[in-house]
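Report on the following structure.
See below:
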């Protein structure tokens, strides 16, 4: 049933849970897995902040690449990892459709404080806009 699984990955414990579930489903269905990390691009005014963000993003990508490699080897399954910039929910939804994935798996984080009042979670937004099946892993 599932041949191509897209996992939203950001290195959080929730995204790791989503990746482990994807691995189990992939083994059962003989599916391939793509872990897609979407780094939200925030407009920044000062050049110093842009350089700092780029360095932080580069370090994050290196760290996440190593995590994906380790999990891939430990579980005996190839996981393709890609990083793109944009609005995470929009990019994940459009990517899944354009690349014809059968399933999107996401971890769900609890938003707290003001974020809960003013922001919609990525998983909720993907559920709203995606034309592909979405599986959300809760804590």
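Numbering (full-length UniProt numbering), first residue to last: 1 to 139.
Ideal Cβ positions, reconstructed from N, Cα and C, are used throughout, including at glycine.
Residue range of the unbroken beta strand (DSSP E) whose run includes residue i
i: residue 97; result: Premise fails: residue 97 lies in the alpha helix (DSSP H), 88 to 98, not in any beta strand (DSSP E).
i: residue 32; result: 32 to 39
i: residue 105; result: 103 to 107
i: residue 76; result: First-last for residue 76: undefined, no H or E at that position.
Distance between beta carbons of residue j and residue i, contact taken as under 8 Å
i: residue 103; j: residue 8; result: Not really, about 12 Å apart at Cβ, beyond 8 Å.
i: residue 31; j: residue 68; result: Between residue 68 and residue 31 the Cβ distance is about 16 Å, and since that is not below 8 Å, they are no contact.
i: residue 75; j: residue 23; result: 5 Å
i: residue 5; j: residue 33; result: 5 Å
N- and C-terminal bounds of the alpha helix (DSSP H) containing residue i
i: residue 128; result: 122 to 129
i: residue 14; result: 13 to 29
For residue j and residue i, the rounded distance between their alpha carbons
i: residue 92; j: residue 139; result: 21 Å
i: residue 1; j: residue 96; result: 16 Å
i: residue 101; j: residue 135; result: 13 Å
i: residue 14; j: residue 137; result: 7 Å
i: residue 80; j: residue 20; result: 14 Å
i: residue 64; j: residue 11; result: 6 Å
i: residue 54; j: residue 90; result: 22 Å
- Query: Are at least three pairs of beta-carbons, each pair with one atom in the stretch 23 to 42 and one in the stretch 84 to 92, less than 8 Å apart?
  - Reply: The stretch 23 to 42, when compared against the stretch 84 to 92, does touch it at the 8 Å Cβ threshold.
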